[in-house]
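**Student:** Read in full-length UniProt numbering, the sequence shown has 42 at position 42, and its numbers run on one by one without any break. Take this structure first; my questions come after.
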Amino acid sequence: MQHAIKLSNAKSSEVFAAESKEKQEEWLNSFINAGAQYREVFNVEDTAKIQSFYELKDFDMAGNEVSMAQYKGKVVLAVNVSSKCGLTPTNYPELQQLYAKYKSEGLEVLAFPCNQFAGQEPGSHEEIMEFVKQYNVTFPFFEKHDVNGATARPVFTYLKTKLPGSFGDFVKWNFTKFLVDRNGQPYKRFAPKDRPLSFEEDIKTLLAQKA
């Protein structure tokens, strides 16, 4: 059974098989939106051993491994992004505005494309980078990958377990945002509908702190 959802209580459990990964994610989102709490069970033991954001790695759009240690001493804003979301036109300009304003003071905005939410990031890496040109973004992008489930990228498994949201560990939608302080410690999580400029003061607070 490659794609399934398991529901359980103290006495029993049921497993619902899905015909595809996309259908599995559609069902899961329905449960979450109905008020279910999500607890990540994949890779959490490995995540528990991680002491800071700097121990993590990911891959850039060219497939090169990138250590988060290169952002040591910086304030990091990590965001799962998509091209076809209704939140895209407001988030990309505001993320770029923050990056341009505070990069010299130590802010790094990291974009992590993901296609788990209604298939709103379907394009190739080349297509994604071509699309974002209209927003004149200059912050770095990483390869497209999952943020929930067994194949979630370690960066997001770590961040979402350290900073659970209203639905538990689950990343609810595109443009969920995580702030990390200058010591590599997760500081605060912001919901998809929280516009980047709305938490500018939090960024300034972290930038004012020493590593």
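Positions of the beta carbon are idealized from the N, C-alpha and C atoms, including for glycine.
Expressed to the nearest angstrom, what Euclidean distance is found between the alpha-carbon atoms of lysine 183 and histidine 145?
**Tutor:** One point to set straight first is that residue 183 is asparagine, not lysine, in the sequence displayed. Their backbone Cα atoms lie some 26 Å apart in a straight line.
**Student:** If you check the beta carbons only, do glutamate 112 and phenylalanine 131 fall under 7 Å apart?
**Tutor:** Per the sequence shown, the amino acid found at residue 112 is phenylalanine instead of glutamate. Taking 7 Å as the cut-off, the Cβ atoms of phenylalanine 112 and phenylalanine 131 do not count as close.
**Student:** From which residue to which residue does the alpha helix (DSSP H) around residue 221 run?
**Tutor:** Because the chain is modelled from 1 through 211, residue 221 falls outside the range shown and cannot be assessed.
**Student:** By a C-beta neighbour count over all protein chains shown, 10 Å radius and 16 as the cutoff for buried, is glutamate 126 buried or exposed?
**Tutor:** By the 16-neighbour rule on beta-carbons within 10 angstroms, glutamate 126 is exposed.
**Student:** So, for alanine 211: in the same chain, excluding its five sequence neighbours on each side, which residues have a beta-carbon less than 7 Å away from its beta-carbon?
**Tutor:** The answer, listed in chain order, is Gly73, Arg182, Asn183.
**Student:** Excluding the 5 residues flanking cysteine 85 on each side, which residues of the same chain have their C-beta closer than 6 Å to its C-beta?
**Tutor:** Gln120, Asn174
**Student:** Between the alpha carbons of leucine 77 and proline 196, how many angstroms are there, rounded?
**Tutor:** Leucine 77 and proline 196 have their C-alpha atoms spaced approximately 10 Å apart.
**Student:** So, helix, strand or coil for serine 13, using DSSP?
**Tutor:** Confidence in serine 13 is poor, its pLDDT being 48 and thus under 50, which makes the residue's placement too unreliable to answer from.
**Student:** Is the beta carbon of valine 180 sitting closer than 7 Å to the one on asparagine 148?
**Tutor:** In this structure, the beta-carbon distance from valine 180 to asparagine 148 does not fall below 7 Å.
**Student:** Near alanine 152, which residues of its chain fall below 6 Å by C-beta distance, leaving aside the five closest residues on each side in sequence?
**Tutor:** In the same chain as alanine 152, and ignoring 5 residues on each side of it, the C-beta atoms closer than 6 Å to its own belong to Asp146, in chain order.
**Student:** Just curious, the alpha helix (DSSP H) that glutamate 200 is in, first and last residue?
**Tutor:** It spans 200-207 - the alpha helix (DSSP H) in which glutamate 200 sits, taken as one unbroken run.
**Student:** Can you tell me whether DSSP reads lysine 144 as helix, strand or coil?
**Tutor:** coil
**Student:** How many angstroms separate the CA atom of tyrosine 102 from the CA atom of isoleucine 50?
**Tutor:** One C-alpha to the other measures close to 28 Å.
**Student:** How should proline 122 be labelled, buried or exposed, when 16 other C-beta atoms within 10 angstroms of its C-beta is the threshold for buried?
**Tutor:** Proline 122 counts as exposed, since fewer than 16 other beta carbons sit within 10 angstroms of its beta carbon.
**Student:** Are the beta-carbon atoms of lysine 162 and aspartate 169 separated by less than 7 Å?
**Tutor:** no
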